[in-house]
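Let me begin by presenting the structure, written as structure tokens, before commenting on it.
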Amino acid sequence: MTSTNQPILLKNARIIDPANNIDARGSLLVEAGRVAGIALADSATGSPDGTIVQDCEGAVVAPGLVDIGVKVGEPGAEHRETLQSASRAAVAGGITTIVTSPDTDPVIDDPALVDFLLRRARDTASVNVFPLAALTKGLGGSEMSEIGLLQEAGAIAFSNDTHAISNSQVLVRLMTYARDFDALVIHQAQDKDLAGSGVMNGGLRASWLGLGGVPREAEFIGIERDMRLVAMAKGKYHARLISCPQSVRAIAAAKADGQDVTAGISINHLTLNENDIGPYRTFHKMTPPLRTEEDRLQMVEAIARGDIDIIMSDHNPQDVETKRHPFAEAEAGALGLETLLGAGLRLVHSGEVPLSRLLACLTCNPARRLGLNKGTLTKGAEADIIVFDPERPWVVEKSKIRSLSKNTPFEDELLTGKVLTTIVSGQVLYSSDA
Amino acid sequence: MHIDGFSMTNETTHRPIEFPHRHLLGIEGLQPPDINMLLDLGEEAVEVSRREDKQKGVLRGRTQINLFFEASTRTQSSFELAGKRLGADVMNMAVSTSSVKKGETLIDTAATLNAMRPDLLVVRHSSAGAVQLLARKVGCAVVNAGDGTHEHPTQALLDALTIRRHKGALGGLTVAICGDIRHSRVARSNIILLSTMGARIRVIAPSTLMPSGIHNMGVEVFTDMKKGLQGVDVVMMLRLQRERMSGAFVPSVREYFKYHGLDSEKLAYAKPDALVMHPGPMNRGVEISAEVADGAQSVIREQVEMGVAIRMAVLEALAAQLPKWKDVP
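Residue numbers (the numbering used here), protein chains in the order written: chain G, 1 to 434; chain R, 1001 to 1329.
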């Protein structure tokens, strides 16, 4: 690993930059922490003296991934994950920018806490860290948080994480008020009454397992309501995580109607289904729950079609204390930083999603939505770059997980596609040993 | 006839018990020969239980712990008596909610108990899958005495034993399961057992008390009790929990009783010799009339007797397999 500011030439690569519609062979030069240029095909690349040359041997060079759904344990649960451990996991997974969840203890609903997180990130994180702030105080869903002050302190957008806001008046006022600050509202919609005390997808599987079910309607009735409220408030809205095709359709209709809305999903909901819960595996307990295979396939199609814009890891470190319980009592959530790209490539290898489309959902789309100058290889952009071999297989071994927690839903599974090098601001922070 | 300790041992060595499972976590996974074997063993236990000397020493020296996270006097007593009749040392542990509040997890409790080296662990818990989770963390044989709304395998087995004693076989019978199917572990275990054994199953309940996906559970679905009971051989009633009686799932007790309570008028639609069953405890005047509950077709008290017998069978079958699993972690 180098910590110098030497120029780096990545040659003999397949360069994919969805932001600029580039997918071609060539080489890329990094200089002074920025992308100095891309030379396509066989055109000669001039590189200054002392340049580190890496022959990529045909591997993909792409912008570092921008993950907008990352829970770290700071503050309040540092034993599960710190900004430092999350950074280690992120760079190994090809993620160079993480957007952190406000669902911490205490909740990020005060400018001083945003400031705290940014300072901790500056001192301990090696990847770019942008905090989300809570939409409502204490994530309680009733009182608006200080959107202006939080934004000024450095909150990149506002979210209530997985805690849906039931009160329509609160949500519409939030969106209306946030509009004055051009702030993005990120919401995970759910009709709480309909969801009841459900812990997995409602239906036959849940009935046989004797577990309370969350009907799919609980999600898309929430999304349909939100789309009406967006039209009312004319705000900027991103659906944090949708899992049902009906939600996709409601959001696509709102887009067609000219609303400023986007849709997000977690990698789990694109690659796993309710059957993976098997005999009450709590690592597969998610919010919203994993749905049926039919739902999953339709969500993958929506990614390919462009109706879902952003894929996130929904990284949520949980430990034995919170996971080793009967299914209904265990916390929801799964690790995702190290497996995001490898799992995402399953959709590419199955022929369902083109590689450039997958990468767009993981790089320029989330960056643009948050107004970040990230997720691109445009000349002059910060050199957050990954090199990965989409064909290299690896097995997710629990003992090698870099996160402080071990709750991966992909334990012992084979993923095809491995990160070889991760560069953040021109520094090589990760090199695959094999 | 007096049987001394020596001949008691001989009594059990006349035929090896073939049961290819370490635990009894549910009916799911049992094959017809497994179920038949347990029912046969249950028949023997009925005989033992009707003798003057009710001791059968096959569990002598074995320790059985009844671990009930959810209070249940009936089931716990039934398991306790079953273990004692087989000669085991039986300990009852009621885990109060307070120790759970103290932060002791299910796994902590399991580890503590495991260190006491029990041979058989009987567990009831209010969460589906909890018994399965616990079974992975202990070295002894585990019996599921009811886990949330998932399964209650010994109840289904005792129901099967009761039916078989009256009807000869389970295959070909039509059995109606009536009432709160949605929240019933008894219904789930019975649906699996009866369909494995080739019976036809009807479920009869208001649609709000049907589980999601019921049409794909291999049963015939009825909401009208009179239609559903037409010509059935067995009527199994389920208990309706008090908190579900007034508004959330059904509007009132009297409306529920009118449409879904078993009275002699509705029972008349079943075969004249149809059995009336209930896992207990009953709500007379809610899901069943007193007249029917205590009537000639009712085998409800016999179910309690079969409960002890089938639990003896299960404990004996699992204990017989213990040497086989001794070195398996």
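All C-beta atoms in this analysis are idealised placements derived from N, C-alpha and C, irrespective of residue type, glycine included.
Rounded C-alpha distance that separates residue i from residue j
| i | j | result |
| --- | --- | --- |
| S85(G) | K71(G) | 12 angstroms |
| E321(G) | E331(G) | 9 angstroms |
| H1119(R) | M1093(R) | Checking the sequence, you will find Asp at residue 1119(R) rather than His. Answer to the nearest angstrom: the Cα atoms are 15 angstroms apart. |
| M232(G) | V172(G) | 7 angstroms |
| R1050(R) | L1315(R) | 18 angstroms |
| V1221(R) | D17(G) | 56 angstroms |
| A22(G) | G210(G) | Sequence inspection shows Ile at residue 22(G); the Ala mentioned does not correspond to that position. Each residue's Cα considered, the two are about 50 angstroms apart. |
| V1219(R) | G1213(R) | 11 angstroms |
| T176(G) | E146(G) | 14 angstroms |
| H1183(R) | G1168(R) | 30 angstroms |
| I267(G) | S313(G) | 6 angstroms |
| S1207(R) | T1223(R) | 7 angstroms |
| L117(G) | I186(G) | 19 angstroms |
| E78(G) | L1157(R) | 49 angstroms |
| Q1031(R) | T271(G) | 33 angstroms |
| R179(G) | M286(G) | 31 angstroms |
| R1022(R) | E1287(R) | 37 angstroms |
| V424(G) | V107(G) | 28 angstroms |
| E352(G) | W394(G) | 21 angstroms |
| V1085(R) | S1077(R) | Here residue 1085(R) turns out to be Arg, not Val, going by the sequence shown. Near 12 angstroms, if we compare the C-alpha coordinates of S1077(R) and R1085(R). |
Beta strand (DSSP E) segment containing residue i, residue limits
| i | result |
| --- | --- |
| K1056(R) | Note, K1056(R): premise wrong, no beta strand (DSSP E); not H, not E. |
| M1093(R) | D1089 to A1094 |
| H34(G) | Checking the sequence shown, residue 34(G) turns out to be Arg, not His. Per DSSP, R34(G) belongs to the beta strand (DSSP E) from R34 to L40. |
| V1221(R) | E1220 to F1222 |
| H187(G) | L184 to H187 |
| I52(G) | I52 to D55 |
| N1066(R) | T1063 to F1068 |
| H1021(R) | Neither: H1021(R) is in no beta strand (DSSP E) and is coded neither H nor E. |
| F388(G) | I385 to V395 |
| C364(G) | No beta strand (DSSP E) contains C364(G), which is instead part of the alpha helix (DSSP H) from C364 to R369. |
| Q427(G) | Q427 to S431 |
| F158(G) | A157 to S159 |
Beta-carbon contacts of residue i that lie in its chain and below 7 angstroms, excluding the five residues immediately before and after
| i | result |
| --- | --- |
| E217(G) | L194 |
| Q151(G) | F181 and A183 |
| F1069(R) | V1095, R1124, H1125 and S1126 |
| E219(G) | A189, Q190, I242, S243, C244, S247 and P288 |
| A263(G) | A239, I242, V248, I251, D307, I308 and D309 |
| G196(G) | G212 |
| A360(G) | P18 |
For residue j and residue i, believed in contact at Cβ under 8 angstroms, the rounded distance
| i | j | result |
| --- | --- | --- |
| L290(G) | I311(G) | Contact doesn't hold; Cβ gap of about 15 angstroms is too wide. |
| V248(G) | I308(G) | 6 angstroms |
| P410(G) | V396(G) | Checking the displayed sequence, the identity of residue 410(G) turns out to be Phe instead of Pro. Sure, about 4 angstroms apart at Cβ, within 8 angstroms. |
| A1319(R) | L1059(R) | 6 angstroms |
| P245(G) | D295(G) | 6 angstroms |
| P7(G) | L1133(R) | Actually they do not touch by this definition, with Cβ atoms about 55 angstroms apart. |
| S87(G) | S47(G) | At roughly 29 angstroms, the Cβ-Cβ gap does not stay under 8 angstroms, so S87(G) and S47(G) are not in contact. |
Close-in-space but distant-in-sequence residues of the same chain around residue i (CB under 6 angstroms, 5 per side omitted)
| i | result |
| --- | --- |
| V1175(R) | L1194, A1199, I1201 and V1234 |
| A328(G) | V199 |
| P366(G) | V66, I68 and I310 |
| M1001(R) | Here the model assigns M1001(R) a pLDDT of 41, short of 50, so the residue's position is not dependable and the matter cannot be decided. |
| G426(G) | V30, G33 and A383 |
| H1152(R) | G1146, R1185, V1186 and S1189 |
| M1091(R) | I1065 |
| A1088(R) | L1059, R1062 and Q1064 |
| P1279(R) | Q1155 and V1186 |
Nonlocal neighbours in the same chain, by C-beta distance under 8 angstroms from residue i, ignoring five residues either side
| i | result |
| --- | --- |
| T1162(R) | L1275, M1277, V1299, E1302, Q1303 and M1306 |
| E1291(R) | D1263 and S1264 |
| M1116(R) | T1063 and I1065 |
| G1285(R) | V1253, F1257 and G1261 |
Alpha helix (DSSP H) segment containing residue i, residue limits
| i | result |
| --- | --- |
| L65(G) | Segment L65 to V70 is the beta strand (DSSP E) holding L65(G); no alpha helix (DSSP H) there. |
| A1110(R) | L1106 to A1115 |
| N1036(R) | P1032 to R1050 |
| G148(G) | I147 to A153 |
Are at least three pairs of beta-carbons, each pair with one atom in the segment 1240–1258 of chain R and one in the segment 1190–1201 of chain R, less than 8 angstroms apart? no
Using 8 angstroms as the Cβ pair cut-off and three pairs as the minimum, do the segment 252–259 of chain G and the segment 161–173 of chain G touch? no
Do the segment 84–99 of chain G and the segment 49–66 of chain G make contact, defined as three or more Cβ pairs closer than 8 angstroms? yes
For the segment 1120–1134 of chain R against the segment 1143–1153 of chain R, are there 3 or more C-beta pairs whose distance is under 8 angstroms? yes
Is the segment 1014–1031 of chain R in contact with the segment 373–386 of chain G, if contact means three or more CB pairs nearer than 8 angstroms? no
Counting pairs of Cβ atoms below 8 angstroms between the segment 271–285 of chain G and the segment 349–362 of chain G, do you hit three or more? no
Three CB pairs or more closer than 8 angstroms across the segment 1030–1039 of chain R and the segment 1064–1080 of chain R: no
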